[in-house]
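From first to last, the protein sequence lines are chains A and B.
Sequential numbering from 2 applies to the first sequence in the numbering used here.
Sequential numbering from 429 applies to the second sequence in the numbering used here.
Even for Gly, the Cβ is constructed at its ideal location relative to N, Cα and C.
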Amino acid sequence: MATETAPPSPAPPQADERIRQVSGLSRLMARPELGAVVGAILVWVFFAIVAFENNFVSWATTAAILNRAAPLGILAIAVALLMIGGEFDLSIGSIVGFAGMTIMVLVTPADAGGFGWSLWPAILVALVVALVTGFFNGFLVISTKLPSFIITLATLFIFRGLTIALTRARTNRTQLGNLDEVEGFALADALFASQWEVFGARFRVAILWWIGLAAIATWILLRTRQGNWIFGSGGDANSARNVGVPVNRVKIALFMTTAFAAFLVAVIQAVQFTGADTLRGFQQEFEAIIAVVVGGTLLTGGYGSAIGAFFGALIFAMVQQGIIITGVDGDWFQVFVGGVLVIAVIFNNYIRQKAAAR
Amino acid sequence: MSNGTPLLEIRNVSKFFGSVIALQDVSAFVRAGEVTCLLGDNGAGKSTLIKVLSGVHKPSEGEYFFDGEQQEFESPRQALEMGIATVYQDLAMIPLMSVWRNFFLGSEPTKGWGPFRRYDSEFAKATTKSEMAKMGIDIRDPDQTVGTLSGGERQSVAIARAVYFGAKVLILDEPTAALGVKQAGVVLKYILQARNRGIGVIFITHNPHHAYPVADHFVILRRGTVYGDYTKAELPLEQLVQMMAGGADLEVLQHELEQASQEGGAEAEALAETADAIGSELEELGEKADEEA
Ligand SMILES: Nc1ncnc2c1ncn2[C@@H]1O[C@H](COP(=O)(O)OP(=O)(O)OP(=O)(O)O)[C@@H](O)[C@H]1O
Ligand SMILES: [Mg+2]
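1) For Phe312 (chain A) and Phe348 (chain A), what's the separation of their Cα atoms in angstroms?
2) For the candidate residues B:Leu508, B:Phe544, B:Phe631, whose alpha-carbon lies nearest to that of Leu533 (chain B)?
3) Going along chain A, which residues have a C-beta under 7 Å from Arg546 (chain B)?
4) Buried or exposed for Ile96 (chain A), going by 16 or more other Cβ atoms inside 10 Å?
5) Under 7 Å: does the beta carbon of Lys474 (chain B) sit that close to some heavy atom of ligand 2?
6) Do you know offhand how far Leu107 (chain A)'s Cα is from Ala100 (chain A)'s?
7) Should the region 495-513 of chain B be called in touch with the region 588-605 of chain B, which here means at least 3 C-beta pairs below 8 Å?
8) Would you tell me roughly how many angstroms separate the C-alpha atoms of Lys474 (chain B) and Pro434 (chain B), rounded to the nearest one?
9) Please give the ranges of any alpha helix (DSSP H) in the region 276-348 of chain A, keeping only runs that are unbroken, at least 4 residues long and fully inside the region.
10) Is there at least one Cβ from chain A nearer than 8 Å to Ile522 (chain B)'s Cβ?
11) Name the DSSP bridge partner or partners of Phe116 (chain A)?
12) Let me know if Asp273 (chain A) comes out buried or exposed under the rule of 16 or more other beta-carbons within 10 Å of its beta-carbon.
13) If you draw a straight line from the C-alpha of Trp121 (chain A) to the C-alpha of Val246 (chain A), how long is it?
14) I'd like to know if Asp237 (chain A) contacts chain B, where contact means its C-beta is closer than 8 Å to some C-beta of that chain.
15) Is Asp469 (chain B) near ligand 2, with its Cβ less than 7 Å from a heavy atom?
16) DSSP state of Thr555 (chain B), grouped into three classes?
17) CA-CA distance, Asp90 (chain A) and Gly302 (chain A)?
18) Alpha helix (DSSP H) containing Arg69 (chain A): first to last residue?
19) Hey, does Val484 (chain B) have any beta-carbon neighbour from chain A nearer than 8 Å?
20) Along chain B, in chain order, which residues have C-beta atoms closer than 7 Å to that of Ala262 (chain A)?
21) Please compile the residues from chain A whose C-beta is within a distance smaller than 7 Å of the C-beta of Leu508 (chain B).
22) Here's a check: name, in chain order, each residue in its chain whose Cβ is nearer than 7 Å to the Cβ of Pro570 (chain B), leaving out the five neighbours to either side.
23) State the CB to CB distance for the pair Asn229 (chain A) and Glu536 (chain B), rounded to an integer number of angstroms; the pair is presumed to be in contact (CB under 8 Å).
24) Verify the contact flag: Glu602 (chain B), CB atom, against every heavy atom of ligand 2, threshold strictly below 7 Å.
25) Does Met672 (chain B) get closer than 8 Å to chain A when you measure Cβ to Cβ?
26) Where does Trp210 (chain A) land, buried or exposed, given buried means 16+ other C-beta within 10 angstroms?
27) Any Cβ of chain B within less than 8 Å of the Cβ of Ser144 (chain A)?
28) Specify the secondary structure class of Val268 (chain A) as computed by DSSP and reduced to three states.
29) By the 10 Å Cβ neighbour count, where 16 or more other Cβ atoms means buried, how is Thr633 (chain B) classified, buried or exposed?
30) Label Gln621 (chain B) either buried or exposed according to how many other C-beta atoms from any shown protein chain fall within 10 Å of its C-beta, with 16 as the threshold for buried.
31) Take Ala639 (chain B) as the anchor and find which of B:Tyr655, B:Ile567, B:Leu663 has the nearest alpha-carbon.
32) Tell me which same chain residues have a C-beta within less than 6 Å of the C-beta of Ile291 (chain A), skipping the five on either side of it?
33) My understanding is that Ala314 (chain A) touches Leu73 (chain A), with C-beta atoms under 8 Å, so please give their C-beta distance in whole angstroms.
34) Does the beta carbon of Ser240 (chain A) sit closer than 8 Å to a beta carbon anywhere in chain B?
35) State the beta-bridge partners of Val629 (chain B) as determined by DSSP.
36) I'd like to know whether the C-beta of Phe160 (chain A) is nearer than 8 Å to at least one C-beta of chain B.
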């Protein structure tokens with residue numbers, strides 16, 4: 002028989018001459034969040050110079066920026082996980098509105114058209130409602146195999162429409178308030194809306210939620226097998242499926258995660274403003290996606306980070322706050338945000354190419 | 429060489445995609461410690477057959493036996509858990525992920541308990557490097573993304589992964605197709621190595637010169653059906669080459685091309701050259717086969 006059956010020669014255990022010592026710096030360059038971290042520093046320096054007279058470098062401004070960034074960051078971190086997993090969710094803003102109004106309708110006294118519940122059962126129901134909407138999104142995407150962009154564009158309208166229609170049908174209003182008079186408010190206030198004074202500036206507890214979620218999301222992405230599955234599902238769903246990754250379950254779980262983040266923001270905002278509005282969360286899906294993309298996550302999936310989304314949200318809030326305190330006409334804000342998005346994406350691409358070519 | 433019962437066997441399997449008949453009445457088997465080679469031209473149904481074997485597609489008709497027992501897989505994961513590992517033509521690897529993350533994708537090692545259960549990345553990195561070294565491939569840096577590996581390196585990561593995870597049957601879909609001569613040789617060596625470890629190997633290719641040195645058994649597919657089923661003793665290389673090159677078919681093609689060249693102008697001349705090239709290639713193949721036989 003003409004077959005050769007020689008055993009393989011064992012690999013020589015010598016150092017590989019094809020690896021050059023790579024400095025810590027260029028290893029850092031390969032991280033997806035690098036662009037956003039550098040960007041955050043640049044934006045801060047920019048406003049520290051331009052808006053120095055307006056007290057940009059102060060505890061009060063810092064607190065205002067962080068308070069602004071926190072809810073956006075909570076959404077962005079969940080959206081980052083979903084986008085790494087290869088999907089989009091345009092409906093989270095609507096889920097914020099839906100979950101918020103669910104709470105308010107349930108706690109509003111019966112004579113005002115509500116159900117007169119106490120706060121915690123209402124929060125629990127809102128959580129379930131949000132998770133169901135997330136499951137619904139994921140299930141539709143998986144079973145129709147249509148792009149999640151289209152599916153969640155549809156549910157953006159469906160959930161918003163349901164929020165307005167149901168609230169109006171039941172209470173005849175589009176805003177509900179007086180949450181602070183509801184039983185259970187004190188605990189909720191402590192958990193979701195309390196503030197700390199540091200050097201005369203007020204920092205909200207949402208900042209801790211934001212940081213905590215960023216830490217958990219980063220842990221999941223980099224240190225658990227589920228994180229590996231998220232990268233795999235987004236990188237190439239078919240290949241991942243072929244090696245046994247439960248891609249459908251991963252994607253549905255990710256849609257439920259973004260819905261959970263929307264629920265959390267809804268609770269924080271309802272408690273903070275002691276009420277909700279059927280339009281709450283409007284366009285927040287876009288702000289979250291901007292924060293995620295600025296944070297270095299690929300729109301096509303399979304690559305990105307939660308820390309990047311964290312800094313993306315921070316940049317967004319700094320720009321917003323910087324414009325407010327410099328007294329530039331607020332009408333220009335959206336132009337500025339669009340500009341920052343374009344610059345950030347170009348910058349990220351450039352960094353990624355440099356990193357790939359190292 | 430063992431000649432016991434087949435480790436994996438399909439009987440009269442067909443697979444339809446709507447009106448498309450991708451496989452019709454196909455039977456094949458592999459024994460432990462043997463290499464069954466599946467040959468066939470483009471579109472013959474090789475990849476489809478692989479997907480049936482690996483549990484991606486359910487056969488529309490026919491039976492599937494593993495270790496003597498009839499099986500019906502709901503997912504590739506089930507097949508994988510039984511020890512049927514597949515290296516796909518598209519490699520089932522994620523280009524943007526690092527080598528070690530790819531190596532363990534879907535079967536990640538963990539350590540720790542409860543909420544602190546985590547991906548054991550140190551173990552994964554070290555194992556990836558040592559498993560690759562065992563195959564004689566020295567990956568530079570387990571953190572390198574798979575997208576930046578060479579074709580042969582990528583192929584060997586995929587094979588090393590399957591062997592590491594205790595494959596009893598290893599299914600390889602055209603592992604040598606995109607490789608240079610030397611790298612193809614390396615992959616063929618792994619195939620023999622896997623076979624010598626007692627793994628049953630199903631090796632898909634359309635190159636008879638890659639198939640012949642490693643195979644114990646040939647199944648030739650054409651247009652979704654089994655065109656021939658031979659042991660190595662029954663089939664000299666020359667004949668295999670003839671069958672694969674499409675023997676008669678190719679002569680007809682050459683004829684047609686020549687005819688076209690007589691009718692047309694400059695365009696036809698180019699065709700004639702192609703025809704000549706094919707003719708001489710055919711001769712060369714024949715000579716080569718004679719030499720090796
Ligand atoms: N999901 C599908 N839906 C419809 N037709 C399919 C599907 N998968 C394969 N086919 C058809 O089945 C036939 C066999 O395809 P297959 O991919 O198995 O060929 P192959 O032998 O692997 O070819 P190659 O050598 O080019 O890889 C082709 O005609 C193909 O178009
Ligand atoms: Mg194929």
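Result, derived from the coordinates:
1) Here residue 312 (chain A) is taken as the residue at index 311 of the first sequence, counted from 1. Here residue 348 (chain A) is taken as the residue at index 347 of the first sequence, counted from 1. If I take the Cα positions, the gap works out to 15 Å.
2) Mapped onto the second sequence, residue 533 (chain B) falls at position 105. Checked all of B:Leu508, B:Phe544, B:Phe631; the closest Cα to Leu533 (chain B) is B:Leu508.
3) Locating residue 546 (chain B) in the second sequence gives position 118, where the first residue counts as 1. The answer, in chain order, is Arg224, Thr225.
4) What you label residue 96 (chain A) is simply residue 95 of the first sequence in a count that begins at 1. Buried, by the Cβ-count rule.
5) Taking the second sequence and counting its residues from 1, the one referred to as residue 474 (chain B) is at position 46. Yes; taking the cut-off as 7 Å, the Cβ of Lys474 (chain B) has a heavy atom of ligand 2 nearer than that.
6) Residue 107 (chain A) sits at position 106 when you count from the first residue of the first sequence. Residue 100 (chain A) sits at position 99 when you count from the first residue of the first sequence. Those two C-alpha atoms are separated by around 11 Å.
7) yes
8) As a working mapping, residue 474 (chain B) is identified with position 46 in the second sequence. As a working mapping, residue 434 (chain B) is identified with position 6 in the second sequence. Rounded to whole angstroms, Lys474 (chain B) to Pro434 (chain B) spans 20 Å at the Cα level.
9) 285-295, 307-327
10) Translated into the one-based positions of the second sequence, residue 522 (chain B) becomes position 94. Judged by the 8 Å Cβ criterion, Ile522 (chain B) is in contact with chain A.
11) In the first sequence, residue 116 (chain A) corresponds to position 115, counting from 1. Looking at the DSSP assignment, Phe116 (chain A) forms no beta bridge with any residue, so it has no partner.
12) Here residue 273 (chain A) refers to the residue found at position 272 when the first sequence is read from its first residue. Reading off the sequence shown, one finds Gln at residue 273 (chain A), where the question assumed Asp. Gln273 (chain A) comes out buried.
13) Start at 1 with the first residue of the first sequence, and residue 121 (chain A) comes out as number 120. Start at 1 with the first residue of the first sequence, and residue 246 (chain A) comes out as number 245. Answer to the nearest angstrom: the Cα atoms are 37 Å apart.
14) Counted from its first residue, the first sequence places residue 237 (chain A) at position 236. With 8 Å as the cut-off, Asp237 (chain A) counts as an interface residue toward chain B.
15) Sequence index remark: in the second sequence, residue 469 (chain B) carries index 41 (1-based). No; taking the cut-off as 7 Å, the Cβ of Asp469 (chain B) has no heavy atom of ligand 2 nearer than that.
16) The residue given as residue 555 (chain B) occupies position 127 in the second sequence. If DSSP states are grouped into helix, strand and coil, Thr555 (chain B) belongs with the helices.
17) Residue numbering aside, residue 90 (chain A) sits at position 89 when the first sequence is read from its first letter. Residue numbering aside, residue 302 (chain A) sits at position 301 when the first sequence is read from its first letter. C-alpha separation (whole angstroms): 13 Å.
18) Counted from its first residue, the first sequence places residue 69 (chain A) at position 68. From DSSP, the alpha helix (DSSP H) with Arg69 (chain A) extends over 60-85.
19) One-based indexing of the second sequence puts residue 484 (chain B) at position 56. Yes - at least one Cβ of chain A is within 8 Å of the one on Val484 (chain B).
20) What you label residue 262 (chain A) is simply residue 261 of the first sequence in a count that begins at 1. Within chain B, no residue comes near Ala262 (chain A); the closest Cβ sits about 19 Å away, beyond 7 Å.
21) Here residue 508 (chain B) refers to the residue found at position 80 of the second sequence. Result: Gly245.
22) In the second sequence, the residue the question calls residue 570 (chain B) occupies position 142. For Pro570 (chain B), where only same-chain residues beyond five positions count, the Cβ hits under 7 Å are Ser526, Val527, Trp528, Lys553, Thr556, Lys557.
23) Working through the first sequence from its first residue, we reach residue 229 (chain A) at position 228. Working through the second sequence from its first residue, we reach residue 536 (chain B) at position 108. Correct: roughly 5 Å between the Cβ atoms.
24) Counted from its first residue, the second sequence places residue 602 (chain B) at position 174. Correct: Glu602 (chain B) has its Cβ closer than 7 Å to ligand 2.
25) Against the second sequence, residue 672 (chain B) aligns to sequence position 244. Not an interface residue.
26) Taking the first residue of the first sequence as 1, we reach residue 210 (chain A) at position 209. Classification for Trp210 (chain A): buried.
27) Locating residue 144 (chain A) in the first sequence gives position 143, where the first residue counts as 1. Output row for Ser144 (chain A): interface = no.
28) In the first sequence, the residue the question calls residue 268 (chain A) occupies position 267. Residue state, collapsed to three classes: helix.
29) Within the second sequence, the letter at position 205 stands for residue 633 (chain B). The residue is buried, with at least 16 neighbouring Cβ atoms inside 10 Å.
30) Here residue 621 (chain B) is taken as the residue at index 193 of the second sequence, counted from 1. Its Cβ being crowded by 16 or more others within 10 Å, Gln621 (chain B) is buried.
31) For the purposes of this step, residue 639 (chain B) is taken as residue 211 along the second sequence, with counting starting at 1. Per the Cα distances, B:Leu663.
32) As a first step, residue 291 (chain A) must be located in the first sequence, where it is residue number 290. Closer than 6 Å at Cβ, skipping near neighbours: Leu342.
33) The residue labelled residue 314 (chain A) in the question sits at position 313 within the first sequence. The residue labelled residue 73 (chain A) in the question sits at position 72 within the first sequence. With a Cβ gap of about 5 Å, Ala314 (chain A) and Leu73 (chain A) count as contacting.
34) Taking the first residue of the first sequence as position 1, residue 240 (chain A) is located at position 239. Yes, contact with chain B.
35) Counted from its first residue, the second sequence places residue 629 (chain B) at position 201. B:Val463, B:Leu598, per the DSSP bridge assignment.
36) Stepping through the first sequence from its first residue, residue 160 (chain A) is reached at position 159. It does not: the Cβ of Phe160 (chain A) has no partner Cβ on chain B nearer than 8 Å.
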